[in-house]
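Mapping the sequence shown onto my numbering, position 479 (from 1) lands on 479, and the numbers just tick up by one.
Idealized CB from N, CA, C, for every residue including glycine.
Model, not experiment: these values are computed from the prediction.
First comes the structure, then the notes that go with it.
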Amino acid sequence: MHGTPWTQFADAALALAVAQAWPEDSSTNAGPQSSALQIRLDLPTDIKSSKKLLVERRVALHESLRGDSAFSTLVANAALTPAEAETLALCASIDADVRRQRLTGWLQDDLALTRPGLDLLGRLLGSESSGVLTVGASSGLVRAAIVDIGTQGPWGARSVGIEPTVLWALAGEGSPDPELPAGTSFLSANESPGIAEDPLVFVTGPDKSNRRRHASDATAGTRFVVGTQPTDERGWGALVREATIRGAGIIVECDSDLSQDGRRWIERATHLPWAVSSTHEVSVNALPNRPWAEHYVAERDASPDEWARHFPELKEYVHRLTSDQMSVVAEINSNTNSGLERAVRRLASGPIDRLARRVRPRYQWADLVLDNDRSQQLKELVARYRNSQAVYGGWGFPAIPSSGLIAMFSGDPGTGKTMSAEVLAGELELDLFVVDLAAVVSKYIGETEKNLEEIFSAAAVGNQVLFFDEADSLFGKRTEVSDARDRYANLEVSYLLQRLEIFEGLAVLATNFSNNIDSAFLRRIDISIDFVQPEEPQRKELWRRSFPPNAPLADDVDPNELAALYELSGGSIRKASLYAAFLAAEAGEHIDFARISVAVDREYQKLGRLRPSKKLGR
């Protein structure tokens, strides 16, 4: 950076200040002029020659701004005035050289003051450069976050320096600013003159990749710094500074409303193209006071070209991924070499693991004991999900309201609803997620809907079955509004109904009381299976399977007799068998009919039912 027009201008300004502070005919010898300003340059020490040199070097500096050096490029990117360019030249030269810093301290009678204060800055630049106005609140240097102005001490003593990233850029080092928000990236867009003219664009929509792509197309500029919304003033300044150095626009991705810091920076940094990307419209109170355009981008599935680019080995696409999800899955696969299935599973695991319990399917068709009608309905459910892509995508049937599949399993406890959901997931080679109602339902307004949105969005990727046990507690009938609690409960039900309408995955709603489900949900159900109490042939098989081969059964235990005697569900039969086994283990004897009878009595007591009086000959 030595010997450039801007450093030479700074040296001339310092030379004049020294000559004025310590004239040659002064009686004091305290000045540094005898060592040629301590910077080993051939500079005059008299006032007249110093003034002439400063005029010449000011002209040279202004002429150099028409070139393509790092300094002139930064001045152009920041839209600085000539006077502001002089301030940048002076302060950057001082920050970059220890000898100039020492000289600056001498000029301020304090060697610890290595940066010029506002008072010295005005004296160094003089009235021709508007002095301290070049670092005022509305100046280009402040607007572009280039200068660092101290906040301590009297106004005239407040230091003026240059941000380190700017100095590195002037030296030819292009590393990103370390204060940028985590995950900040850089995007090059296709140049499209006459189309992208808006300097400020708000882009909303569900898919981040689509929003980013549209923002780069709709906003003036061909290069962009893309980052999440900063959490503080320094982060916003880093975004603006980085974009200014690179001659780029800024795309800010917001998970919440635009902050007041963000609004101020967008209003201030008018030299940059801006785009704000969000899932929802920015509130009126957060809108910057400058012209803007607004665009909505609909969610779009990943295109065949995107699939081919990221997973060229695939012959068919088994997951519905948006462009945004495709980008994340491809990155996961690239970093872990895990393959598509594991990458998709990892994509959904974050939010859904927090709000639901993952169940690895253990049961198969052979483990189910159902009548032929229920078994057939389950197989039809599997077939419908497995062939949805062929019917909707290949054959052209309209997916109204969506291509998702919603099933309802109703029936008494223990009749096989949960096991059937597990068999269903295993047959489709999917994970089963049992929604944790305690984690989902919140007393805070809007939190329940937010939690459900996370679950549905993650499940829609297509690598899991959502299982809502006791679904009537969430999907219950709406009631007449008598107080605020009723109103908010009805809002939750309405949200669930709307969300199910557009859900693209597989969800199973299990309930013991189907009559309690809101009728609007019932219209959205694709397949409903009523799990009834097992008949005697099924109970016989359930009793037979409830005792493992190694269990010490007494000779008086007959599954046929137990099935005829006790009208229990499959769940109750398993619990009674286990209870009898513990009784036998404690006594050190076989599992006999008497102990099974005691266990059944306990099960009937728990269910609030009377024990059958018939004895079948006993």
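Residue i: which of the options sits nearest, CA to CA?
i, options, result
"GLN8", "VAL75, LEU74 and ARG100", "ARG100"
"SER546", "SER528, GLY153, LEU568 and ALA460", "LEU568"
"PHE648", "GLY140, SER188, PHE186 and THR219", "For the chain, the structure presents residues 1 to 618; residue 648 sits outside this window and is missing."
"GLY221", "GLY247, GLN229 and VAL282", "GLY247"
"PRO559", "PHE593, GLU447 and PHE456", "PHE593"
"LEU583", "SER572, ILE573 and ARG595", "ARG595"
"ALA520", "PHE186, SER494, ARG609 and ASP371", "SER494"
"GLY404", "GLY205, LEU452, ASP526 and PRO291", "ASP526"
"TYR566", "PRO552, LEU466, ARG609 and LEU578", "ARG609"
"LEU553", "GLY588, GLU536, GLY416 and THR418", "GLY588"
"ALA15", "SER388, ALA407, THR4 and SER50", "SER50"
"ILE400", "LEU500, THR114 and VAL166", "LEU500"
"SER283", "THR204, ARG211 and ARG213", "THR204"
"ALA407", "GLU380, LYS443, PRO164 and SER72", "GLU380"
"ILE517", "PHE71, GLU541, GLY136 and GLY411", "GLY411"
"ARG357", "PHE467, GLY446 and GLU586", "PHE467"
"ASN550", "LYS540, ALA585 and ILE502", "ALA585"
Among the residues of its own chain, which have a CB less than 7 Å from the CB of residue i, if the five just before and after it don't count?
i, result
"ALA286", "ASP257, LEU258 and ARG263"
"ARG374", "ILE529 and PHE531"
"LEU619", "A query on residue 619 cannot be resolved here, the shown segment of the chain reaching from 1 to 618 and no further."
"LEU496", "LEU452, LEU474 and PHE475"
Between residue i and the rest of its own chain, which residues show a CB-CB distance below 6 Å, the 5 nearest in sequence each way excluded?
i, result
"ARG268", "ARG143"
"TYR604", "ARG611"
"LEU111", "GLY105"
"GLU427", "VAL382"
"PRO548", "none"
Just to confirm, is the Cβ distance from residue i to residue j under 8 Å?
i, j, result
"LEU125", "THR87", "yes"
"VAL226", "ALA145", "no"
"ASP95", "ILE162", "yes"
"LEU355", "VAL440", "yes"
"PRO273", "GLY249", "yes"
"GLN623", "VAL434", "Residue 623 falls outside the range modelled here, since the chain spans only 1 to 618, and no answer is possible."
"GLU281", "ASP177", "no"
"SER402", "GLU504", "yes"
"ALA157", "ASP119", "yes"
"VAL536", "GLU492", "Looking at the sequence shown, residue 536 is not Val but Glu. Result no, Cβ atoms of GLU536 and GLU492 do not sit closer than 8 Å."
"ASP371", "GLN538", "yes"
"THR244", "ALA92", "no"
"ARG213", "SER277", "no"
Taking the alpha-carbon positions, what's the residue i to residue j distance?
i, j, result
"ASP431", "ALA507", "12 Å"
"ASP601", "VAL382", "38 Å"
"LYS575", "ALA581", "10 Å"
"ALA19", "SER64", "26 Å"
"ARG360", "ILE352", "14 Å"
"ILE149", "SER159", "6 Å"
"ARG223", "ALA215", "11 Å"
"GLU429", "THR228", "36 Å"
"THR151", "LEU54", "30 Å"
"ARG66", "ALA76", "9 Å"
"ALA619", "GLN108", "Since the first and last residues shown for the chain are 1 and 618, residue 619 lies out of range."
"ALA36", "GLY172", "Its pLDDT being 42, under 50, ALA36 is placed unreliably in this model, and the coordinates cannot settle the point."
"ARG362", "TRP543", "20 Å"
"LEU170", "GLY3", "13 Å"
"LEU167", "PRO291", "33 Å"
"LEU74", "THR184", "21 Å"
"LEU90", "THR231", "32 Å"
"VAL481", "TYR444", "Caution applies to VAL481, whose pLDDT of 49 falls short of 50 and renders its modelled position unreliable; the value that the coordinates give is listed next. Rounded to the nearest angstrom, the two C-alpha atoms are 19 Å apart."
"ALA13", "LYS52", "11 Å"
"TYR579", "THR279", "54 Å"
"PHE456", "ALA70", "50 Å"
Who are the Cβ neighbours of residue i in its own chain at under 8 Å, not counting the five residues just before and after it?
i, result
"SER192", "Bear in mind that a pLDDT of 45 at SER192, under 50, signals an unreliable position, so the number given afterwards is only what the model happens to contain. Answer for SER192: ASP217, listed in chain order."
"ARG234", "GLU179"
"GLU470", "LEU437, ALA510, THR511 and ASN512"
"LEU607", "SER572"
"ASP367", "MET419 and VAL423"
"ALA60", "PRO5, GLN8 and PHE9"
"THR270", "ARG143, PRO199 and ARG290"
Who does residue i pair with in a DSSP beta bridge?
i, result
"MET408", "LEU509 and SER528"
"SER277", "VAL203 and GLU253"
"ILE591", "LEU553"
"GLU294", "PHE202"
"ALA85", "For ALA85, which the question treats as bridged, DSSP gives no partner whatsoever."
"LEU466", "PHE433 and ALA507"
"SER139", "Paired residue(s): none; SER139 is not in a bridge."
"THR228", "GLU253"
"ASP148", "GLY161"
"GLY117", "SER159"
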